[in-house]
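The sequence shown begins at 2 in our numbering and counts up one residue at a time. Just so it is clear, CB atoms sit at the ideal spot from N, CA and C, and this is done for glycine as well. Keep in mind it's a predicted model, so treat the numbers as computed, not measured.
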Amino acid sequence: MTSIMRIILMRIILRKLTIIIALLMACMASPSFAASDSIAKKILERFPQADTDGDGQLSAAEDAAMSRKILKRFPKLDRDGDGVLSNAEKQTLLRIAAAREKRKPDSGAPSPASPTTDKWNTTGFKQANTMGGGKAVISKNGKFRVFVLMGQSNMVGTARATELESPHNRKHERIRIWANGRWEYLVPRNRFGPGVSMAHQLAELWPDDTIGIIKVASGGTGIRGFEKNWTFERANLTFDGKKGSLYKDLMNAVAAAKKVSKPEFCGFVWKQGAADGTKKDLAEAYYETFRQLVADLRTDLSTPDLPVFVLTYLTDKELLKIEQPGGKRRYIKQVLLAHNKAGRDIAGVTTVHHGRLPVGKDGVHYNAEGQIKLGKMTADAIEKFYKAKD
């Protein structure tokens, strides 16, 4: 090959590379590319069950699995026929989902609450707001025993309410949930977590009292999203900055509830940890962060001896037999050890070891059977605590 031919060939290659780079830059600047992260976050907020590993992010595998499930039910969404949801198709999906939420309930559904302020339309209350069965007064007879429930996806609950059976699918005259800025009957209509069976069992334990639940939970959320001294930067270590302060959500509910009722705070139930198992520094700081959260709650709820129930998987002995896991949550073992340490070292904290529970098709989130079992185990622990106290 002559030197002239080499020069010509090099020019051709350089020209093609220039074109390729220009195309890549155009793609990166395009609305669909720039919007991909924000769309993924909106998808996770709307469909938390898509986050099968509970890390608060939508991986390529999770995205593909979600696309297959949605397109199986709604094939017309796939306008380009490629078998996956593009950003534009996801935006269409989000618009359809939002429109369905705004539809008026049918005659058999409870009447909606009166217009509320934005403080009740937060990420922390999103799922609890779907569990209200209409405005309910609080009986003046007996005590009003209120339990605070906080955590991430398995506290939120992705189990289908349609799989609930009596009495868990019916209105109970002595069970309430804080929903839509007021006390309502507890009647799950979409998804549910452990609070349903827990509340029903506690209502049987205390037949003269009313059971109340204030639930603030959000899938894939790290513990810093729940702390009192919340900052965007700390919460965003687990990509939760935009969710706002979940502790503030809780305190808003507590303040409003005290204006219309006389709650006696009888327990704090915590189901969280996976998001903090993604980074070493987060896992190492978990115990101290949780200890401070408990101290702040006891102070702000004016209940210095507030019982705390930490729902976790395994005992220390069982954990020590397990090798350090790989993948995204490679430090989850340290978080679970911190759960157990809290039960040993913080007064009034009980660790509830639930082991493996039945899960849905994603292999991570508990199905209806699993959530009912978890709620009953929680109620058992609460009952044991109070009987020992008496």
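Where Val295 falls: helix, strand or coil (DSSP): As a first step, residue 295 must be located in the sequence shown, where it is residue number 294. Helix.
Simplified DSSP state of Lys342, which is helix, strand or coil: Mapped onto the sequence shown, residue 342 falls at position 341. Three-state result, Lys342: helix.
Is the separation between the beta-carbon of Glu185 and that of Ile178 shorter than 7 Å? Within the sequence shown, the letter at position 184 stands for residue 185. Within the sequence shown, the letter at position 177 stands for residue 178. Yes, the pair counts as a contact, with Cβ atoms nearer than the cut-off.
Reducing DSSP to helix, strand and coil, say where His201 ends up. For the purposes of this step, residue 201 is identified with residue 200 of the sequence shown, where counting begins at 1. In this structure, His201 counts as helix in the three-state DSSP scheme.
Assign Ala160 to one of three DSSP states: helix, strand, or coil. If you number the sequence shown from 1, residue 160 lands on position 159. Correct three-state label for Ala160: strand.
Compute the distance between the beta-carbons of Ala160 and Asn341, then report whether it is under 7 Å. Indexing the sequence shown from 1 puts residue 160 at position 159. Indexing the sequence shown from 1 puts residue 341 at position 340. No, the Cβ-Cβ distance between Ala160 and Asn341 is not below 7 Å.
Within the 7 Å Cβ cut-off, does Leu203 reach chain B? You won't find chain B in this structure, because it holds only one protein chain.
Determine the extent of the alpha helix (DSSP H) in which Arg74 is found, giving its start and end residues. One-based indexing of the sequence shown puts residue 74 at position 73. It spans 61–74 - the alpha helix (DSSP H) in which Arg74 sits, taken as one unbroken run.
Could you work out which residue in Val365, Lys43, Ile8 is closest to Phe240 when comparing CA atoms only? For the purposes of this step, residue 240 is identified with residue 239 of the sequence shown, where counting begins at 1. Of Val365, Lys43, Ile8, the residue nearest in Cα terms is Lys43.
By alpha-carbon positions, which one of Val197, Gly221, Thr232, Leu206 ends up nearest to Ile215? Locating residue 215 in the sequence shown gives position 214, where the first residue counts as 1. Nearest C-alpha to Ile215: Val197.
Out of curiosity, what's the CA-to-CA distance linking Thr290 and Gln372? Against the sequence shown, residue 290 aligns to sequence position 289. Against the sequence shown, residue 372 aligns to sequence position 371. C-alpha separation (whole angstroms): 27 Å.
Given a cut-off of 7 Å, decide if Phe145 and Lys263 are closer than it, judged by their beta-carbon atoms. In the sequence shown, the residue the question calls residue 263 occupies position 262. In the sequence shown, the residue the question calls residue 145 occupies position 144. Cβ atoms of Lys263 and Phe145: closer than 7 Å.
Proximity below 7 Å, CB of Leu247 to CB of Gly125: The count along the sequence shown starts at 1 and reaches residue 247 at position 246. The count along the sequence shown starts at 1 and reaches residue 125 at position 124. Yes; because the gap between Cβ atoms is below 7 Å, this pair is in contact.
DSSP-derived helix/strand/coil call for Thr351: For the purposes of this step, residue 351 is taken as the residue at position 350 of the sequence shown. Three-state result, Thr351: strand.
Hey, would you say Lys136 sits closer than 7 Å to Asn253, going by beta carbons? Numbered from its first residue, the sequence shown carries residue 136 at position 135. Numbered from its first residue, the sequence shown carries residue 253 at position 252. Result no, Cβ atoms of Lys136 and Asn253 do not sit closer than 7 Å.
The region 345–355 / the region 312–330 touching (three or more Cβ pairs under 8 Å): yes
On the three-state DSSP scale, how would you describe Thr313? On the sequence shown, position 312 is the one that residue 313 refers to. Residue state, collapsed to three classes: strand.
In angstroms with no decimal places, state the Cα-to-Cα distance between Lys281 and Val365. Counting from one through the sequence shown, the residue named residue 281 turns up at place 280. Counting from one through the sequence shown, the residue named residue 365 turns up at place 364. Each residue's alpha carbon lies about 22 Å from the other.
Name the DSSP bridge partner or partners of Ile212? Counting from one through the sequence shown, the residue named residue 212 turns up at place 211. Paired residue(s): Arg146, Ile176.
In the structure shown, what three-state DSSP assignment does Gly152 receive? What you label residue 152 is simply residue 151 of the sequence shown in a count that begins at 1. Three-state DSSP puts Gly152 in a strand.
Within 10 Å of its beta-carbon, does Met132 have 16 or more other beta-carbons around it, so buried, or fewer, so exposed? Residue 132 sits at position 131 when you count from the first residue of the sequence shown. It is buried - the Cβ of Met132 has at least 16 other Cβ atoms within 10 Å.
Coil, strand or helix - Glu228 by DSSP: Against the sequence shown, residue 228 aligns to sequence position 227. Coil, per DSSP.
Quick check: the region 219–233 against the region 66–84, are at least 3 beta-carbon pairs closer than 8 Å? no
Check for me: the alpha helix (DSSP H) holding Glu384 runs from which residue to which? Walking along the sequence shown from the start, residue 384 turns up at place 383. Counting along the chain, the alpha helix (DSSP H) containing Glu384 begins and ends at 369–390.
With distances taken between CB atoms, is the gap from Phe266 to Leu320 smaller than 7 Å? If you number the sequence shown from 1, residue 266 lands on position 265. If you number the sequence shown from 1, residue 320 lands on position 319. No.
7 Å Cβ cutoff met for Phe269 and Val311: Counting from one through the sequence shown, the residue named residue 269 turns up at place 268. Counting from one through the sequence shown, the residue named residue 311 turns up at place 310. Against a cut-off of 7 Å, the Cβ pair of Val311 and Phe269 comes out as no contact.
What are the partner residues of Val270, as DSSP defines its beta bridges? Translated into the one-based positions of the sequence shown, residue 270 becomes position 269. For Val270, which the question treats as bridged, DSSP gives the partners Leu150, Phe310.
Are the region 272–287 and the region 328–337 touching, with three or more C-beta to C-beta distances below 8 Å? yes
Under 7 Å, do Leu206 and Glu370 count as touching if we go by C-beta distance? Position 205 of the sequence shown, counted from the start, is the residue given in the question as residue 206. Position 369 of the sequence shown, counted from the start, is the residue given in the question as residue 370. No, Cβ-Cβ distance for Leu206 and Glu370 is not below 7 Å.
Can you tell me the Cβ-Cβ gap for Leu150 and Phe193, rounded? I've got them flagged as a contact below 8 Å. Taking the first residue of the sequence shown as position 1, residue 150 is located at position 149. Taking the first residue of the sequence shown as position 1, residue 193 is located at position 192. Rounded, the Cβ-Cβ distance is 12 Å, inconsistent with contact.
Among Arg235, Asp79, Thr279, nearest to Lys329 - alpha-carbon criterion: In the sequence shown, residue 329 corresponds to position 328, counting from 1. Of the candidates Arg235, Asp79, Thr279, the one whose C-alpha sits nearest the C-alpha of Lys329 is Thr279.
Cα-Cα separation between Ile224 and Tyr387, rounded to whole angstroms: Counted from its first residue, the sequence shown places residue 224 at position 223. Counted from its first residue, the sequence shown places residue 387 at position 386. Using only the alpha carbons, I get a separation of about 27 Å.
Decide if Asn230 is buried, meaning its Cβ has at least 16 other Cβ atoms within 10 Å, or exposed. Here residue 230 is taken as the residue at index 229 of the sequence shown, counted from 1. Exposed: under 16 other Cβ atoms inside 10 Å.
Alpha carbon to alpha carbon, how far is Ala275 from Ser60? Here residue 275 corresponds to residue number 274 of the sequence shown, with the count starting at 1. Here residue 60 corresponds to residue number 59 of the sequence shown, with the count starting at 1. When rounded, the distance between both Cα atoms is 16 Å.
Where in the region 233–273 do unbroken runs of the alpha helix (DSSP H), each at least 4 residues long, occur, reported from the N-terminal end onward? 233–236, 247–261
Spatial distance of Met199 from Arg80 (CA atoms): Position 198 of the sequence shown holds residue 199. Position 79 of the sequence shown holds residue 80. The straight-line gap from Cα to Cα measures roughly 45 Å.
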